[in-house]
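Heads up, the thing below is written out as structure tokens.
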Amino acid sequence: MGQSFEGSDKVLFVNKSVAQPWECDVMGHMTTRFYVAKFDDASYHLLHQVFGWSISDRESCGLGWADVRHVIEYKAEVSAGELLEIRARLKKIGKKSFTALYEMIDCSSGEVAATLEAVCVHFDLNARRAIAIPGAMRARAGKFLED
Numbered sequence: 008m009g010q011s012f013e014g015s016d017k018v019l020f021v022n023k024s025v026a027q028p029w030e031c032d033v034m035g036h037m038t039t040r041f042y043v044a045k046f047d048d049a050s051y052h053l054l055h056q057v058f059g060w061s062i063s064d065r066e067s068c069g070l071g072w073a074d075v076r077h078v079i080e081y082k083a084e085v086s087a088g089e090l091l092e093i094r095a096r097l098k099k100i101g102k103k104s105f106t107a108l109y110e111m112i113d114c115s116s117g118e119v120a121a122t123l124e125a126v127c128v129h130f131d132l133n134a135r136r137a138i139a140i141p142g143a144m145r146a147r148a149g150k151f152l153e154d
């Protein structure tokens with residue numbers, strides 16, 4: 008995960024935010040719970056851009072997604088007021104899951120503040136189990152898949 012996203016044509020710009028003072032801990036930097044929240048917000052943008060998924064899929068069909076694995080690396084401190092951008096790449100699509108790589112960028116310095124590798128499964132919300140990603144979604148997502 009150490010490589011930069013720069014120059015890749017498969018990068019999605021999925022979310023922008025600001026580190027709020029109330030998101031910082033007693034040591035003056037953004038606390039872990041808010042890194043996860045910002046990556047989580049970005050994941051919904053990725054689901055929409057890559058798979059075409061929206062909340063109406065949950066409401067009409069009872070289909071959604073569930074994160075099953077996260078690996079986070081904290082690379083630089085984020086302080087209150089920092090402007091952040093999260094970029095994502097689709098690394099792998101399996102039968103029922105996908106793997107995405109996210110970078111949290113400090114917009115002022117251009118420095119990578121954190122990375123997240125996430126595995127997410129397509130999920131039947133009523134049966135509470137992983138299900139296959141439909142062919143149409145897989146085809147749409149294929150154009151975002153890294154080589």
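FYI, my numbering numbers position 62 of the sequence shown as 69, with every residue one higher than the one before it. Every residue, glycine too, gets a C-beta built ideally from N, C-alpha and C.
Span separating the alpha-carbon of residue i from that of residue j
i, j, result
"residue 138", "residue 152", "20 Å"
"residue 72", "residue 83", "30 Å"
"residue 25", "residue 114", "10 Å"
"residue 46", "residue 127", "13 Å"
"residue 134", "residue 116", "46 Å"
"residue 23", "residue 142", "30 Å"
"residue 125", "residue 99", "11 Å"
"residue 136", "residue 130", "6 Å"
Residue-chain proximity (residue i, chain D), Cβ-Cβ < 7 Å
i, result
"residue 153", "In the displayed structure, chain D is absent; only one protein chain is listed."
Status (buried if at least 16 other CB within 10 Å, exposed otherwise) for residue i
i, result
"residue 29", "exposed"
"residue 90", "exposed"
"residue 104", "buried"
"residue 75", "exposed"
"residue 39", "exposed"
"residue 68", "exposed"
"residue 94", "buried"
"residue 111", "buried"
"residue 34", "exposed"
Extent of the continuous alpha helix (DSSP H) to which residue i belongs
i, result
"residue 143", "142–149"
Test item: CB-CB of residue i and residue j under 7 Å
i, j, result
"residue 53", "residue 107", "yes"
"residue 41", "residue 148", "no"
"residue 21", "residue 44", "no"
"residue 79", "residue 123", "yes"
N- and C-terminal bounds of the beta strand (DSSP E) containing residue i
i, result
"residue 124", "119–131"
"residue 104", "104–113"
Could you give the uninterrupted runs of the alpha helix (DSSP H) lying entirely in the region 42–90, keeping only those of 4 residues or more?
Complete alpha helix (DSSP H) runs here, min 4: 62–68.
Beta strand (DSSP E) runs wholly inside the region 13–38, at least 3 long, in chain order:
With a minimum length of 3 residues, the continuous beta strand (DSSP E) runs that stay inside the region 13–38 are 19–25.
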